[in-house]
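For reference, the structure discussed in these notes is given below.
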Amino acid sequence: MNVVHFLNPWAAWFALSIPAIIILYMLKMRRREIEVPSTLLWRQVLKDARANAPWQKLTRNLLLFLQILIALALVFALLRPSLMTAGTRGRNLVVLLDASASMQAVDVSPSRFDAAKKEVMALINEMGAGDTMTIIKMAALPEVVARATSDKSVLKKRLNEVTVTGEEANLAPALSLASSLVKGMEKPLTVIVSDGNLGKIPPHTPLPPEIVHIKVGKADDNLTLTPPATRREGNATVTMVRVVNNGSKDVVTTVELWVDGKLFDARAVALKAGEGKNLYWTDIPEDARLLMARSTYPDMLP
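The numbering of the sequence shown is this note's numbering, which starts it at -12 and goes up by one.
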């Protein structure tokens, strides 16, 4: 069934211009009385007086009809009519954008994360009438950055505000969130934009009905290091760095901790494919100002 609806119904108020045009034609100009020396003009004067008397019955006037048609066309255009067909309703997209540490890899220019954002931007530009999109930032915990909307400008603004993190991607809670968001939606489609380093999905994780994966990046043999995190435990200061093997092969690497621009310590770490380990230091100088962690593994991270 086809249904015509108006995107700007408030424009119907402009239809009041049509009776205003008609009233202006009915309120003819009044002439003031003037004595004339000849009676020959009386017949023409009476004729003009009848023609210009106010509130007379409308006569055929081509200019009046043209003005009414123009007013109707303008009002119709301002109403922004739209035809919706039941068989062509839009899709409801839920996009999971991977913002984990592995997305910092530069095997695609300028980075995997930037490439992923370009893919999402293309999805926004391809949205049709009736389509909506929800964007979820996916890292350790999912974050909804744009709720279901068909406003492309809002989606683009929210997308540009998303930044990459130093965290691992956790797909399970993101899928669970997407599953809850698509309930009650017609034609839901969940799109995962990621390099594929998403970890395992536990059994019984709620899943959306339809999922597609847009893969970004070329290599899958990179390591990620989280920035050093420091916390107090009693009288000691503990610094932690997490190293994750996002590749498909086992690797051995050396993790270096730099303090204020100088090498403080280096540790050898063996990691299986997909494995992550936490490294701890408790003897960092209390006056340290800058901590940096590096890996000697030749990966794709900058």
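Glycine included, C-beta positions come from ideal geometry on N, C-alpha and C.
- Residues of the same chain with a CB within less than 6 Å of the CB of GLN54, apart from the 5 flanking positions on each side, are ILE8 in chain order.
- With a threshold of 16 other beta carbon atoms within 10 Å, ASP274 falls short and is exposed.
- Rounded to whole angstroms, the Cβ separation of THR152 and ALA135 is 24 Å, and the two are not in contact under 8 Å.
- Listed in chain order, the non-local C-beta contacts of ASP247 below 7 Å within the same chain comprise ALA275, ARG276 and LEU277, local neighbours out to five positions each way being set aside.
- For LEU185, same chain residues with a beta-carbon under 6 Å away, outside a window of 5 residues either side, are ALA156 and LEU158 in chain order.
- Under the criterion of beta carbons closer than 8 Å, VAL239 and ALA255 qualify as touching, at roughly 7 Å.
- Comparing C-alpha distances from GLY221 to each of PRO97, THR269, PRO214 and ALA92 shows the shortest one belongs to THR269.
- A straight-line Cα-Cα distance of about 7 Å links VAL95 and ALA102.
- Here VAL62 carries a helix assignment [DSSP, helix/strand/coil].
- Distance from the CA of ALA(-2) to the CA of LEU212, rounded to the nearest whole angstrom, comes to 57 Å.
- Less than 8 Å divides the Cβ of GLY77 from the Cβ of ASP118.
- For the 8 Å CB-CB criterion, VAL107 and VAL141 do not form a contact.
- Restricting attention to VAL131, PRO(-4) and LEU11, the CA atom closest to the CA of ARG67 is found in PRO(-4).
- One alpha carbon belongs to ALA253, the other to SER166, and they sit about 43 Å apart.
- By the criterion of a C-beta distance shorter than 6 Å, PRO193 is surrounded in its chain by SER163 and SER166, once the five residues flanking it on both sides are discounted.
- Collapsing the DSSP output to three states places VAL169 in coil.
- The shortest CA-to-CA distance from ARG229 to any of ALA280, ILE10, VAL132 and LEU56 is the one to ALA280.
- For ASN112, the number of other beta carbons within 10 angstroms of its own is below 16, and it is reported as exposed.
- The beta carbon of VAL203 is closer than 6 Å to those of ARG99, ALA102, ALA103 and ASP182 in its chain, skipping five residues each way along the sequence.
- Taking THR283 as reference, the option from PHE251, GLY261, VAL242 and ALA257 with the minimal CA-CA separation is VAL242.
- GLU154 and MET114 have their C-alpha atoms spaced approximately 31 Å apart.
- Boundaries of the beta strand (DSSP E) harbouring LEU244: 238 to 246, taken from the DSSP string.
- Inter-residue distance for ASP85 and GLN91 is about 10 Å (C-alpha atoms, whole angstroms).
- The beta carbons of GLY263 and VAL231 sit closer together than 8 Å.
- As computed with DSSP, TYR284 is found in no beta bridge at all.
- Apart from the 5 residues on each side of it in sequence, LYS174 sits with its Cβ closer than 8 Å to the Cβ of ARG76, GLY77, ARG78 and ASN79 in its chain, given in chain order.
- Per DSSP, VAL180 is one residue of the beta strand (DSSP E) stretching across 175 to 181.
- Taking the C-beta atoms as reference points, THR177 is found nearer than 8 Å to ILE198.
- Distance from the CA of VAL62 to the CA of PHE1, rounded to the nearest whole angstrom, comes to 6 Å.
- If you look at ASN184, you'll find it isn't in any beta strand (DSSP E); DSSP assigns it neither H nor E.
- Looking at the DSSP output, LEU11 bridges to nothing.
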